[in-house]
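Reading the sequence shown from the start, the letters are residues 118 to 480 in this note's numbering.
Beta carbons are placed, not taken as given, at the ideal position from N, Cα and C, and that holds for glycine.
For reference, the structure discussed in these notes is given below.
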Amino acid sequence: MYDFVVVGVGPAGARFSRRAAEKGYDVLALEQGTVGTPLACSGHVSTDIWEYTGQNAREELFQNEVYGARFHVGGPHSDAYPFYKDEVASNVIDRVGLDQHLADLAREAGADVREHHTVTDVEEHADHATVTASGPDGVVTHEARMVAGCDGPRSRVRDECGLPEPDELLHGVLAFSDEDDHDNFVDVHLTAPTFFAWRIPRGEAGVEYGLAAPPGVHVNKHFEELIDGYEIDVSHRCSGAIPVGPADRVTSRRVFLIGDAAAQTKPFTGGGILYGMTCADHAAREIDPHRPTTLAAYEHAWRDDLAREQQLAHWIRRAYSLPEPVQRVGLGALSGEIGVHMDRPTSLLSTDHLRVVLSRLRG
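Below you can see the structure in the form of structure tokens.
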């Protein structure tokens, strides 16, 4: 009988496994394939990422530093509206390496992390839950006091336990070129319907190109237009779903969701690495596997932390669908130096951002 069986060893699953193991709980973590693969997520993150990693992680994972973003209403050759900080705002990292590093930290803390184990069934009972998985040694059923579903936007755990789906699943596409680019700005194109496309320089590791949009949009067509506009060849294409909008409930009797499975993401970018690990910390802090009633404390804790951020981010995203002339006027009026944290939309209302804006006006 494990205290926790964790399904999925991405950033959220690895972080929860590590924190729960550090508290002395018996943790089994199952990953369907090899940790970190296949890649289906951008490696552009805030500098807060290093608060969640171990020693020397930056030396191993760092690829580039970013000071701001150039927004475009059109394609690569359209007018750019820069938003920037006077200090490093974010980093670009080895995304596969991050997952593997976080999984190693979970192992070092005492969690039993197993790769190549595909979960096929999850059942809840009065005093425990069972997780059936197919692995190298055949099909095995594990018993646990609780199950953490950290298995991504199309969560098997969520479906097996009848938990509601996120409000929306966007379709995202990523591809990479071999360009050596140390530029310290990313490019954002408001050309994809209701969302955006992007270009992220990764130093010697090349350049990442991506685009996301809702179902029904010809994502590949818009993506081809993006890379044709940049006149480059790309390789290593991958795609995946991006969950936006958490359901009213991400817990059941003995199961709880973390990360993309719970749509704990930023609605205006789709990013979820930091949000997922933040919620993993809330789960490890609040949930006692011997007391199912503590699941309610987890629901309250993570929503109290992120609800306002996600609500404001929804409003920001609405600006992506404004008429092009309105976008140009707005971007032109607001562009320049900012004091905003990329993971905290409420920082738009902070004294730091207000101070920067006032200094620009006085200048």
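- Put simply, the stretch 196-215 does not touch the stretch 236-254. Fewer than three CB pairs are less than 8 angstroms apart.
- The alpha carbon of Arg354 has as its nearest neighbour, out of Phe293, Ser438, Thr463, the alpha carbon of Phe293.
- In the three-state scheme derived from DSSP, where H, G and I count as helix and E and B as strand, Tyr326 is classed as strand.
- At a Cβ-Cβ threshold of 8 angstroms, Pro128 and Gly376 count as neighbours.
- Three or more Cβ pairs closer than 8 angstroms define a contact, and the stretch 369-385 meets that threshold against the stretch 412-427.
- Contact between the stretch 275-285 and the stretch 339-356 is absent: fewer than 3 CB-CB pairs across the two stretches fall below 8 angstroms.
- Contact annotation: Gln149 and His218 have beta-carbon atoms that are not nearer than 8 angstroms.
- Counting along the chain, Gly320 sits inside no beta strand (DSSP E), nor does DSSP assign it H or E at all.
- Nearest in C-alpha terms to Asp422, of all of Arg434, Ala436, Val446, Leu391, is Leu391.
- Contact between Thr311 and Pro283 does not hold, since their C-beta atoms are separated by about 15 angstroms, which reaches or exceeds 8 angstroms.
- Nearest Cα to Tyr184 within the set His245, Ala146, Ile317, Arg136: Ile317.
- The C-alpha of Ala400 is placed about 20 angstroms away from the C-alpha of Pro360.
- Excluding five sequence positions before and after Arg461, the CB atoms of its chain that fall closer than 7 angstroms to its own CB belong to Glu426, given in chain order.
- Under the three-state reduction of DSSP, Asp297 is assigned to coil, being neither helix nor strand.
- If you check the CB distance, Gln180 and Ala397 do not come in under 8 angstroms.
- By the C-beta criterion, the stretch 182-201 is judged not to be in contact with the stretch 214-230, since fewer than 3 inter-stretch pairs fall below 8 angstroms.
- The three-state secondary structure of His233, taken from DSSP, is coil.
- Leaving aside the five residues that flank Pro442 on each side, none in its chain has a CB nearer than 7 angstroms to its CB.
- The shortest C-alpha to C-alpha distance from His288 to any of Gly346, Val124, Lys338, Glu139 is the one to Lys338.
- Bounds of the beta strand (DSSP E) holding Leu147 are 144-147.
- Residue burial annotation: His407 is exposed, with fewer than 16 other C-beta atoms found within 10 angstroms of its C-beta.
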